[in-house]
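The structure under discussion appears below in the form of structure tokens.
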Amino acid sequence: EHSWYQGSEKPQIWKDGGIPQWGNGTLFIGEDGMLLADYGKYQLLPEGREYKLPKPWIEPSPGQQAEWIRACKGDKREPLCKFSYSGPLTEANHLGNVAYRAGKKLEWDAKNIKIPNAPDAEKFLGRKYREGWSLG
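5 is the number of the first residue of the sequence shown in my numbering; add one for each residue after it.
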């Protein structure tokens, strides 16, 4: 399940659970604890508990922009910022915005790019591009 909160909205656990009140971030809730993260830092919760961190297993990335430029120049290496992972992750996050704008919980049909329980929300899935700016 993926829940989206925007602006000053926060889930009740964020308000009552002793979680640091960062300006923004992502809260992953697991069976053994929680991970609060943003683009620059992370914190394991609850604080004071000992956590065994895994050994790093992904080599440092040069950054998604650098990998994109390398690919544009013909570099055939698979990027560390994998599209097979980042595509569905980005889709899920965009759906959070769509659900927020639609004001309701959505049932997503990824295969057909449809929202069966809220077809009216599909207008938020994309936009009509100006002449000369489309890929089709």
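Where a beta carbon is used, it is the ideal one built from N, C-alpha and C, also for glycine.
Discussion item. Using 8 Å for Cβ pairs, my map puts Gly37 next to Leu48. What's the rounded Cβ distance?
Written reply: 6 Å
Discussion item. Rounded to whole angstroms, what is the Cα-Cα separation between Gln10 and Tyr46?
Written reply: 19 Å
Discussion item. In the DSSP assignment, the alpha helix (DSSP H) including Ala75 goes from what residue to what residue?
Written reply: Gln68 to Cys76
Fill in: Nearest-angstrom Cβ-Cβ length linking Leu40 and Pro24, presumed shorter than 8 Å
7 Å
Worksheet entry | Alpha carbon of Lys118 to alpha carbon of Arg53, nearest angstrom | 43 Å
Discussion item. Just to confirm my understanding: we take Gln51, look at its own chain, exclude 5 residues before and 5 after, and list those with CB closer than 8 Å. What are they?
Written reply: The identity of residue 51 in the sequence shown is Glu, whereas the question assumes Gln. Within the same chain, Glu51 has close Cβ partners Gly22.
Worksheet item: Residue range of the alpha helix (DSSP H) that Ala41 falls in?
Response: Not the alpha helix (DSSP H): Ala41 falls in the beta strand (DSSP E), residues Met38 to Ala41.
Item to complete: Determine the burial state of Leu99: buried for a count of at least 16 other Cβ atoms within 10 Å of its Cβ, exposed for fewer.
Response: buried
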